[in-house]
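S.K.: In this note's numbering, the protein residues as written are -19 to 205.
1) Use the C-beta contact count for residue 87: other C-beta atoms within 10 angstroms, 16 or more gives buried, fewer gives exposed.
2) Sort out for me which residues DSSP pairs residue 89 with in a bridge.
3) Are the beta-carbon atoms of residue 151 and residue 102 separated by less than 8 Å?
4) Between the C-alpha atoms of residue 64 and residue 139, what's the straight-line distance to the nearest angstrom?
5) Which residue from 192, 149, 130 and 4 puts its Cα closest to that of residue 114?
6) Grouping DSSP H, G and I as helix and E and B as strand, with all else coil, what is residue 151?
7) Which of helix, strand or coil does DSSP assign to residue 162?
8) Buried or exposed for residue 5, going by 16 or more other Cβ atoms inside 10 Å?
9) Which residue wins for smallest C-alpha separation from residue 131, given the options 56, 109, 32 and 9?
10) Compare the C-alpha of residue 179 against each of 155, 200, 173 and 189 and name the closest.
11) Kindly indicate which residue of 111, 137, 112 and 32 has the alpha-carbon position closest to the one of residue 123.
12) For the ligand FAD, is there any heavy atom lying closer than 7 Å to the beta carbon of residue 203?
13) Please classify residue 126: is it buried, with 16 or more other beta-carbons within 10 angstroms of its beta-carbon, or exposed?
14) Measuring alpha carbon to alpha carbon, tell me which of 177, 77 and 120 ends up nearest residue 84.
15) Between which two residues does the alpha helix (DSSP H) harbouring residue 271 extend?
16) By how many angstroms is the C-alpha of residue 97 removed from the C-alpha of residue 194?
17) Can we say the segment 2 to 18 touches the segment 28 to 38, given the rule of at least three CB pairs closer than 8 Å?
18) For the putative contact between residue 105 and residue 199, defined by C-beta atoms under 8 Å, what is the C-beta separation to the nearest angstrom?
19) Which residues mark the beginning and the end of the beta strand (DSSP E) in which residue 72 is found?
20) Roughly how many angstroms separate the alpha carbons of residue 50 and residue 20, rounded to a whole number?
21) Please report how far the alpha carbon of residue 117 lies from the alpha carbon of residue 177, in whole angstroms.
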């Protein structure tokens, strides 16, 4: 669909997952401003939005909201746009010669839909087969969290997680499945509170039917403690 200034087309795109690069679209000057400068600018923008909506920012409950939202955007929910916050995923030699797949399942995921800036909430399941190196378990969670903390499309997020782990572990044998609810579907538009979105990315041996089936069986295990 061509974007040519027709706002009807733009609205339509906002409800569809259209094709986009696997890298998050960023401007070339994205990092020229400091985080504090970004907070100051966003704070004024949020204030303008709230005033336009008719809210009284002299009210004790509302007057701090622009600053809180700005800091949240820059330092928290969109912190994954800052390359300085990328987790240092150190690897170690697989001295115990573990040769089967390692699965980290039920990784809690909070992200933000880039079409409406509403939350995406779900679980990520990640696996890899070592080719001689392993990575700390918590680093897998941190990688998911880092790429989730930016305006996202779930398909792109799934690919980014796999690509990063492939790079860290120097192997193509990485897989990721994400099952998440999108509040842009659940709380607005069609307002379907039951539906969720499942995406997957399989690399290397995980493209083989038996290996992929083994991974999918693992993540369906009912883990309770």
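Note that the Cβ used here is the ideal one computed from N, Cα and C, for glycine as well.
Computed from a predicted structure; not experimentally measured.
M.R.: In short:
1) Label assigned to residue 87: buried.
2) Within the DSSP bridge table, the entry for residue 89 names 102 as partners.
3) It is not a contact, given that the beta carbons lie outside the stated cut-off.
4) About 21 Å.
5) Taking only the C-alpha atoms, the option nearest residue 114 is 149.
6) Looking at residue 151 - three-state DSSP - the assignment turns out to be coil, as it is neither helix nor strand.
7) If DSSP states are grouped into helix, strand and coil, residue 162 belongs with the strands.
8) Burial call: exposed.
9) Considering only alpha carbons, the answer is 56.
10) It is 155 whose Cα lies nearest to the Cα of residue 179.
11) Cα-wise, what sits closest to residue 123 is 137.
12) For the structure depicted, the ligand FAD is absent and the ligand set is empty, with no information on it obtainable.
13) Residue 126 should be labelled buried.
14) Closest option to residue 84, Cα to Cα, is 120.
15) The requested residue 271 is not part of the displayed model; the chain covers only -19 to 205.
16) Their backbone Cα atoms lie some 35 Å apart in a straight line.
17) By the Cβ test, the segment 2 to 18 is not in contact with the segment 28 to 38, since fewer than three Cβ pairs between them sit closer than 8 Å.
18) Indeed, because the Cβ distance is near 4 Å, the residues count as touching under 8 Å.
19) Its beta strand (DSSP E) spans residues 71 to 73.
20) When rounded, the distance between both Cα atoms is 7 Å.
21) Straight-line measurement puts the Cα of residue 177 at about 25 Å from the Cα of residue 117.
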